[in-house]
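Take a look at the structure set out below.
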Amino acid sequence: MADATGQAAALCEVTGSNAARCCLSDGRHWIFCLYQKYAEGSLRSYEGSVRTIMEPKSGLGIQDLLEADVYKVVTLVYHWLYDDGDPFKDSLYSLHDIE
Numbered sequence: 094m095a096d097a098t099g100q101a102a103a104l105c106e107v108t109g110s111n112a113a114r115c116c117l118s119d120g121r122h123w124i125f126c127l128y129q130k131y132a133e134g135s136l137r138s139y140e141g142s143v144r145t146i147m148e149p150k151s152g153l154g155i156q157d158l159l160e161a162d163v164y165k166v167v168t169l170v171y172h173w174l175y176d177d178g179d180p181f182k183d184s185l186y187s188l189h190d191i192e
């Protein structure tokens, strides 16, 4: 996680942006992150909890399982890319101050 936060900070410096989003995934486990640099100089990293996709669910056929998991991933990615709301009020993230 520290590497991803460092790369997001570097991206902000290079591009002049005050925010960068990143996603860590092995295809089964997903962590969505938002790095923000504030005008007063503070740096904050918002990290989501690990979300596991493609876990067997009892009572569902394989097709239902795949459709449900693909829907979940697409919904999360869409929300992560297009949400401009306050990260403090977003269940996708939790706050981590960077020292």
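Numbering (the numbering used here), first residue to last: 94 to 192.
All C-beta atoms, glycine included, are put in the ideal place defined by N, C-alpha and C.
Per DSSP, the unbroken alpha helix (DSSP H) holding GLU106 starts and ends at 95–108. Note that the C-beta distance between ARG121 and ILE146 is below 8 Å. When only Cα atoms are considered, TYR164 and GLY99 end up about 30 Å apart.
In summary, LEU159 is exposed, with fewer than 16 beta-carbon neighbours lying within 10 Å of its beta-carbon over all protein chains present. If you draw a straight line from the Cα of LEU174 to the Cα of ARG114, it is about 8 Å long. Considering only ASP157, ASP162 and CYS105, the residue with the shortest C-alpha distance to ALA132 is CYS105.
Beta-bridge partners assigned by DSSP to LYS130: LEU136. Between the C-alpha atoms of HIS172 and ARG137 there is a straight-line separation of about 20 Å. Taking C-beta atoms as the reference points, ILE124 and GLY141 count as a pair closer than 8 Å.
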